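Asker:
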Amino acid sequence: MMREKIPDKNKAISLILCSKHDINYTLSLEVNKNSTNTIVRNIYESFRMLGEASLVNRGIGSPDHATCINELFKLDVKTLRPLQIIDGLRKLRHNINYYGYISSISEAEDAISIAKSCFNSLFAEIDKIIGRIKQKRVYLTIDDSPSENTMEKIDFLFDKKIPAFLFCIGKMLEKNPEPIIHAIKRGFIIGNHSYSHTHFSEIPLESAYFEIEKGDKVIEEVYKKANEKRDFKLFRFPYGDKGGKNKEKIQECLRKLGYSQKPFSGINYDYFKEYRLDKDSDVFWTFDTEDYKSDLPKILKHMEEVNPAQGGSLLDFSSKDIILMHDTKNKEKFFKIIEELEKRAIFEGVKGLDS
Ligand SMILES: [Zn+2]
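Numbering (our numbering), first residue to last: 3 to 357.
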């Protein structure tokens with residue numbers, strides 16, 4: 003039976019995510035005479051899945067190929083090349099599959115050009131129609147606070163009701179406590195990011211203790227000034243450098259001072275457990291936005307990665323993510339990244355941990 007009339011939003015969502023994954027993978031392939039058919043077929047399939055997603059979302063199950071592709075033509079989207087050329091890909095794929103046709107290099111290159119000119123706008127439109135449910139839950143952590151515009155960032159997040167953990171550099175916090183007092187009063191959690199932001203594996207153990215303890219004291223003072231209770235002691239190593247050969251002793255020091263990663267539950271990535279990142283007393287991260295070195299297009303691309311080379315994925319709903327951002331100078335970029343994260347995820351705070 004072709005028409006089932008049961009809208010299946012979840013299937014539609016998995017189809018569009020799959021199409022996105024496949025197209026990203028395919029566009030990373032090298033074009034040569036062995037890859038032409040794979041490229042043409044994958045790109046065609048990605049478009050077909052988008053059409054199928056739209057149909058499945060409306061309750062039309064198991065549609066044939068032509069119906070899927072025709073579905074795309076009904077969409078009101080601006081693309082750099084006319085959508086009808088996708089039908090040429092359908093015919094080409096038919097010849098590959100049923101007549102053993104081997105695509106030429108130029109046909110594969112044309113398929114890539116079609117993908118680049120049409121896929122993203124179609125994807126965005128269908129994503130919008132389906133209304134992808136935000137299934138991803140994340141913790142937002144911001145390192146290297148405070149800066150000259152921390153206050154504005156706090157107000158921005160507060161207006162959006164986005165909870166965040168700010169890891170502060172003690173030395174900078176001493177000089178500029180106001181924005182952090184402001185943040186504490188608005189319910190943000192302050193963490194220790196050491197006193198002077200050094201590499202822990204490059205300093206003697208005594209200095210490591212000093213870095214932690216001095217940073218701790220500065221934060222304690224700021225909580226007092228804000229007249230708020232410090233519920234959690236959180237620590238993040240500068241550069242993620244856990245101290246090399248001194249690691250265990252430093253962990254012990256953190257434990258003794260009451261540091262833990264209690265607010266951060268639900269990190270289920272295998273590698274996170276394998277490296278025992280869940281067992282340590284400091285807070286690591288699973289998703290580095292790379293805001294300090296990447297431009298916006300690169301950051302957005304990273305957000306759509308299904309199987310990144312390292313770290314977590316915003317499209318893997320089996321784990322929560324600890325997002326790493328920085329209190330950088332460029333606040334406009336910061337705001338933009340937050341808005342993009344907001345489209346994809348729900349931010350978790352520390353509510354309900356009192357019990
Ligand atoms: Zn840092």
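Backbone N, C-alpha and C fix where the C-beta goes; we use that ideal spot for every residue, glycine too.
The structure presented is a predicted model; accordingly, all values stated were derived computationally and were not measured.
1) For I171, verify whether its CB is less than 8 Å away from any heavy atom of ligand 1.
2) Express the C-alpha separation of I186 and I192 in angstroms, rounding to a whole number.
3) Taking 8 Å as the cut-off, does the CB of P240 come closer than this to any heavy atom belonging to ligand 1?
4) Please look up how many angstroms separate the CB atoms of I114 and L29, rounded, as I've assumed it's under 8 Å.
5) When the distance is taken between beta carbons, is Y46 closer than 9 Å to L91?
6) Give the DSSP bridge partners of K2, in chain order.
7) DSSP three-state label for I104, please.
8) Determine the direct distance from the alpha carbon of M305 to that of I41, and round the result to whole angstroms.
9) Just reading off the beta strand (DSSP E) that K138 is part of, what are its end residues?
10) Excluding the 5 residues flanking E213 on each side, which residues of the same chain have their C-beta closer than 6 Å to its C-beta?
11) Return the CA-CA distance between K247 and S203, expressed in angstroms with no decimal places.
12) Please name the residue or residues paired with A347 in a DSSP beta bridge.
13) Identify whether H328 lies in helix, strand or coil by the three-state DSSP scheme.
14) I'd like the list of long-range same chain contacts for M174, defined as Cβ closer than 7 Å, with 5 residues on each side in sequence excluded.
15) Which residues in the same chain as G53 place their Cβ atom closer than 8 Å to its Cβ, once the five residues preceding and following it in sequence are excluded?
Answerer: According to the data block:
1) yes
2) Answer to the nearest angstrom: the Cα atoms are 7 Å apart.
3) yes
4) 7 Å
5) Yes, Cβ-Cβ distance for L91 and Y46 is below 9 Å.
6) The requested residue 2 is not part of the displayed model; the chain covers only 3 to 357.
7) coil
8) Whole-angstrom Cα-Cα distance: 23 Å.
9) For K138, the enclosing beta strand (DSSP E) has its first and last residue at K138 to S147.
10) S196 and Y197
11) 7 Å
12) Partner(s): K138.
13) Here H328 sits in strand by DSSP.
14) P148
15) The answer, listed in chain order, is P65, T69, C70, I71, N72, E73 and L74.
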